[in-house]
Ligand code: CMP
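Residue numbers (our numbering): 8 to 150.
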């Protein structure tokens with residue numbers, strides 16, 4: 008089953024949007040397999056956002072994501088990676104369609120409420136960065 012890494016960023020946590028975000032993915036029909044509220048250590052943030060290391064906003068990005076608790080999650084379902092990206096909306100909330108999470112709740116490109124893996128490779132990498140295998144729940148034996 009395809010899995011993705013999703014994270015309510017510090018702005019979303021502080022604005023009490025965890026429930027709203029979780030509800031959207033639950034109602035869509037995806038399954039939550041891992042979740043935790045955590046403060047991201049700086050080294051982990053730098054590794055997570057490693058592909059943006061050369062960007063001028065890298066420092067700001069790491070400062071922000073480590074500035075307060077995030078709600079880290081793993082979700083599973085058919086095509087969950089691309090569907091979650093559609094549900095999140097464009098990276099810059101000013102371009103995000105109404106009805107998407109960033110379109111409905113975000114204002115600035117930095118404080119854009121949610122992060123989601125953009126490919127199967129990043130999903131595997133990001134899940135591995137934030138979760139141990141034993142922290143992920145198993146639904147396949149449900150009767
Ligand atoms: P995210 O999906 O978490 O992945 C990288 C993040 O970089 C992105 O969301 C944005 O929040 C952030 N970002 C992109 N462009 C800028 C920018 N110009 N200034 C600050 N942050 C940015």
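Cβ coordinates follow ideal geometry from the N, Cα and C atoms, glycine included. Nothing here was measured: the structure is a model prediction, and the numbers come from that model.
Is it right to say residue 114 is buried, meaning 16 or more other beta carbons lie within 10 angstroms of its own, or is it exposed?
exposed
Alpha-carbon to alpha-carbon, residue 27 and residue 107
12 Å
Under three-state DSSP, which class holds residue 95?
helix
Residues that residue 43 bridges to, as DSSP identifies them
79
Just how far apart, CA to CA, sit residue 104 and residue 19?
18 Å
Report the three-state DSSP secondary structure of residue 150 (helix, strand or coil).
coil
Please report how far the alpha carbon of residue 56 lies from the alpha carbon of residue 136, in whole angstroms.
11 Å
What number of angstroms, rounded off, separates the C-alpha of residue 74 from the C-alpha of residue 149?
39 Å
Any heavy atom of ligand 3 closer than 7 Å to the beta-carbon of residue 128?
Summarising the ligand content, the structure contains ligand 1 and does not contain ligand 3.
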